[in-house]
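One structure is given below, encoded as structure tokens.
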Amino acid sequence: MTMIDIYNEIENGERISKVECIELLKKGDFLKLGELAGKICFKKHPKRVVTFILDTNINYTNVCYARCSFCAFYRNKTDKDTYTLSIDELKSKIKDAEKKGVTTALIQGGLNPDLPYSYYLDLVSELSKSSVYVHAFSPPEIDLMSKISKKSIKEVFSDLNQAGLKTMPGGGAEILSEPVRSKISPKKINTERWLEIMEEAHNLGIKTTATMMFGHIETDEDIAEHLENIRSLQDKTGGFSAFIAWDFKKENNELGKQVTKTVSGIDYLKIVAVSRIYLDNFDNIQASWASQGKDVGEVALHFGANDMGSMLVEENVMRQAGFRAESTTKEIASIIKKAGFKPALRTTDYKIIDYL
Ligand code: SF4
5 MTMIDIYNEI ENGERISKVE CIELLKKGDF LKLGELAGKI CFKKHPKRVV TFILDTNINY
65 TNVCYARCSF CAFYRNKTDK DTYTLSIDEL KSKIKDAEKK GVTTALIQGG LNPDLPYSYY
125 LDLVSELSKS SVYVHAFSPP EIDLMSKISK KSIKEVFSDL NQAGLKTMPG GGAEILSEPV
185 RSKISPKKIN TERWLEIMEE AHNLGIKTTA TMMFGHIETD EDIAEHLENI RSLQDKTGGF
245 SAFIAWDFKK ENNELGKQVT KTVSGIDYLK IVAVSRIYLD NFDNIQASWA SQGKDVGEVA
305 LHFGANDMGS MLVEENVMRQ AGFRAESTTK EIASIIKKAG FKPALRTTDY KIIDYL
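The opening residue of the sequence shown carries number 5 in our numbering; numbering runs sequentially from there.
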């Protein structure tokens with residue numbers, strides 16, 4: 005099969021295979037991929053609305069036993085600069101966020117085995133009392149809660165759901181391919197467990213996103229494997245609300261010392277385009293402007309992305325890795341307009357709050 009054959013298949017609205025995905029990643033023409041992904045995106049979003057969310061990202065603890073080699077955020081529990089936020093401290097952060105007009109709090113933390121199960125339930129139930137929507141945890145944290153409480157994943161989700169959890173971020177995925185995970189995060193849950201936890205969440209009506217962190221030791225085959233894993237689960241459950249890819253940041257972590265390649269804007273845009281093409285069962289593909297900068301975020305809207313992600317008020321994990329992104333609602337809206345689209349603020353589950 006030639007590249008032209010694959011392009012024709014995509015033009016005809018056919019689903020491409022994993023092997024074809026690898027071909028696109030290896031040999032796909034940059035502008036052709038953008039054109040194809042842009043057309044697919046337009047079919048799904050003909051009103052040319054591009055959304056984003058006013059978001060804060062709160063990390064409740066930096067104590068973590070997983071010690072992933074790409075992570076600059078975690079601390080060992082004996083380190084001097086560890087922290088764990090009390091429920092009261094979290095409530096006060098949420099209050100501050102509320103004053104700034106933030107609509108959603110993305111709440112995640114390290115895998116801290118000393119936190120009791122009740123901490124997570126209290127976190128959700130107390131914070132859900134505010135007007136800020138609680139979008140919390142990730143599959144590795146759910147796995148830890150299951151171990152601490154000795155409850156099944158289903159029971160943990162059911163408890164969290166009763167406490168007020170309605171959606172969960174798709175963190176802890178990195179690359180869902182075992183040869184990579186076993187090297188960069190051997191103590192974290194494996195691919196099978198990540199997918200199993202997501203499936204349980206979806207079965208209980210808890211929508212999640214799916215993420216991917218690329219640009220380190222993974223191959224094109226690993227990226228295709230990752231995309232295939234989430235596309236297959238989406239076929240089964242339909243529970244993923246969006247896909248978000250961001251590139252690995254090398255600063256202040258072990259993996260950064262081993263990785264020589266650097267992800268360019270073109271590399272990033274190619275991943276956005278191939279994701280839009282391959283993930284034919286996803287409505288929303290996010291351009292993580294916080295990861296690659298606003299200019300690339302703007303171009304990504306012509307490479308298959310229909311969402312600009314978060315306007316972050318607090319972001320500790322990437323800040324620890326030497327990367328800080330800041331913007332304002334006005335600036336993001338003007339970027340979207342400049343690219344030829346209509347900006348709108350949205351909720352976590354992609355409902356429009358306001359056109360700007
Ligand atoms: S990425 Fe998450 S699980 Fe891995 S070390 Fe950092 S905080 Fe822990």
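Beta carbons are placed, not taken as given, at the ideal position from N, Cα and C, and that holds for glycine.
Residue i, enclosing alpha helix (DSSP H) - first and last residue
{"i": "Leu237", "result": "Asp224 to Thr241"}
{"i": "Thr82", "result": "Thr82 -> no alpha helix (DSSP H), and no H or E assigned at all."}
{"i": "His206", "result": "Thr195 to Asn207"}
{"i": "Val184", "result": "Glu182 to Ile188"}
{"i": "Phe46", "result": "Phe34 to Lys48"}
{"i": "Val300", "result": "Lys298 to Ala304"}
{"i": "Leu131", "result": "Tyr121 to Leu131"}
{"i": "Pro347", "result": "Taken as a continuous stretch (DSSP letters only), Pro347 belongs to no alpha helix (DSSP H), being part of the beta strand (DSSP E) at Lys346 to Arg350."}
CB contact flag (residue i, residue j, <8 angstroms)
{"i": "Ala109", "j": "Ile157", "result": "no"}
{"i": "Leu259", "j": "His220", "result": "yes"}
{"i": "Leu131", "j": "Leu164", "result": "no"}
{"i": "Thr215", "j": "Ser245", "result": "no"}
{"i": "Ser279", "j": "Leu231", "result": "yes"}
{"i": "Gly174", "j": "Glu145", "result": "no"}
{"i": "Trp198", "j": "Pro143", "result": "yes"}
{"i": "Arg52", "j": "Phe345", "result": "yes"}
{"i": "Tyr137", "j": "Thr352", "result": "yes"}
Where residue i falls, given that 16 or more other Cβ within 10 Å makes a residue buried
{"i": "Ile105", "result": "In the sequence on display, residue 105 carries Gly and not Ile. Classification for Gly105: exposed."}
{"i": "Gln290", "result": "buried"}
{"i": "Tyr87", "result": "exposed"}
{"i": "Asn23", "result": "Per the sequence presented here, residue 23 reads as Val, with Asn not at that position. Val23 comes out exposed."}
{"i": "Met5", "result": "exposed"}
{"i": "Ser135", "result": "exposed"}
{"i": "Arg328", "result": "With a pLDDT of only 44 at Arg328, under 50, the local geometry of the prediction cannot be trusted, and no value is derived from it."}
{"i": "Arg19", "result": "exposed"}
{"i": "Glu319", "result": "Unreliable positioning characterises Glu319 in this predicted model, as indicated by a pLDDT of 44, which lies under 50. A coordinate reading is not provided."}
Beta-carbon proximity list for residue i, same chain, < 8 angstroms, skipping 5 on both sides
{"i": "Thr264", "result": "none"}
{"i": "Lys36", "result": "Tyr11"}
{"i": "Met315", "result": "Phe56, Ile57, Leu58, Asp59, Ser331, Thr332, Thr333 and Ile336"}
{"i": "Asp9", "result": "none"}
Coil, strand or helix - residue i by DSSP
{"i": "Glu319", "result": "With a pLDDT of only 44 at Glu319, under 50, the local geometry of the prediction cannot be trusted, and the value read off the model is given with reservation. Glu319: coil per DSSP, three-state reduction."}
{"i": "Ile20", "result": "coil"}
{"i": "Val54", "result": "strand"}
{"i": "Gly326", "result": "Summary for Gly326: the model assigns pLDDT 47, below 50, so the residue's position carries little reliability; its value from the coordinates is reported in the next sentence. In this structure, Gly326 counts as coil in the three-state DSSP scheme."}
{"i": "Ala167", "result": "helix"}
{"i": "Tyr87", "result": "coil"}
{"i": "Ile275", "result": "helix"}
{"i": "Pro173", "result": "coil"}
{"i": "Asn310", "result": "coil"}
{"i": "Phe74", "result": "coil"}
{"i": "Met7", "result": "helix"}
Host beta strand (DSSP E) of residue i (start-end)
{"i": "Thr108", "result": "Thr108 to Gln112"}
{"i": "Tyr359", "result": "Ile356 to Tyr359"}
{"i": "Ile248", "result": "Phe244 to Asp251"}
Nonlocal neighbours in the same chain, by C-beta distance under 6 angstroms from residue i, ignoring five residues either side
{"i": "Ala277", "result": "Leu37, Gly38, Ala41, Phe307 and Gly308"}
Residues of its chain near residue i, where Cβ-Cβ distance is below 7 angstroms and the 5 sequence neighbours each way are ignored
{"i": "Lys191", "result": "Tyr69, Ala70 and Arg71"}
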